[in-house]
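In this note's numbering, the protein residues as written are 1 to 234. Don't be surprised by glycine CBs; every beta carbon is placed ideally from N, CA and C. Working notes, beginning with the structure itself.
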């Protein structure tokens, strides 16, 4: 994959001095010890680290699901460190998309309805939400599966619907936690290609946590967590 030139545009996401510890007995267990990182538009970054290194904690803080003990998360130039919960929730809906190892589609709704729901929660009319949902499914080569329930889709199809849903509200940042972890190698590559194409086409920025070193090697950058700090990998 061709590496893009970063730094021309300002970063869409900045992590500045992120620290996080959890209580363990009468003491504290430090997980993140001053993480600094910039993510630029259109950039795919692989987060590769062993279990227990703090990947999920980092993603949760980046996605405004948890607050750091110290430091700041800056999205689109806006500091999120002092925002109240209501504003953080609104930012999660509009500025951040999430994809997990399991698709988490609503089983009683069709593929296109699963894409419509987050848009309608954000205030879009049903007609417009359906139009955009169908456009995204077509981009993911799923237009013929729009009216199918999740139970009628293959694993790869469900995950592609989940990716489309994550970007339905045109977020600035996409966070994916092992998005191909439940798929076979061939399907994993197909789903990753679809995700990468979507990132390129929309200009959003993505952090993808993965244990798949082959997929990580196809991304623009690779980072890991070493003693609680973000380190760039060659």
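Distance, residue j Cα to residue i Cα
i, j, result
"residue 22", "residue 30", "6 Å"
"residue 185", "residue 82", "42 Å"
"residue 226", "residue 53", "8 Å"
"residue 228", "residue 11", "22 Å"
"residue 145", "residue 51", "35 Å"
"residue 66", "residue 57", "8 Å"
"residue 202", "residue 173", "11 Å"
"residue 75", "residue 147", "35 Å"
"residue 72", "residue 16", "5 Å"
Exposed unless 16 or more other CB atoms sit within 10 angstroms - verdict on residue i
i, result
"residue 220", "buried"
"residue 1", "Residue confidence for residue 1 is low, a pLDDT of 39 falling below 50, so the modelled location carries little weight; the figure read from the coordinates is stated next. Classification for residue 1: exposed."
"residue 118", "buried"
"residue 159", "buried"
"residue 87", "exposed"
"residue 138", "exposed"
"residue 194", "buried"
Coil, strand or helix - residue i by DSSP
i, result
"residue 217", "coil"
"residue 229", "strand"
"residue 188", "helix"
"residue 234", "coil"
"residue 127", "helix"
"residue 23", "strand"
"residue 202", "helix"
"residue 222", "strand"
"residue 138", "helix"
Beta-bridge pairing of residue i - partner residues as DSSP gives them
i, result
"residue 154", "Note: residue 154 sits in no beta bridge, so no partner."
"residue 35", "18"
"residue 72", "16"
"residue 98", "175"
Q: Assess, as a yes-or-no matter, whether the stretch 189-209 is touched by the stretch 162-172 under the definition of 3 or more beta carbon pairs within less than 8 Å.
A: yes
Q) Counting Cβ pairs, one atom from each stretch, are 3 or more of them under 8 Å apart for the stretch 171-180 and the stretch 208-217? A) yes
Q: Assess, as a yes-or-no matter, whether the stretch 121-129 is touched by the stretch 98-108 under the definition of 3 or more beta carbon pairs within less than 8 Å.
A: no
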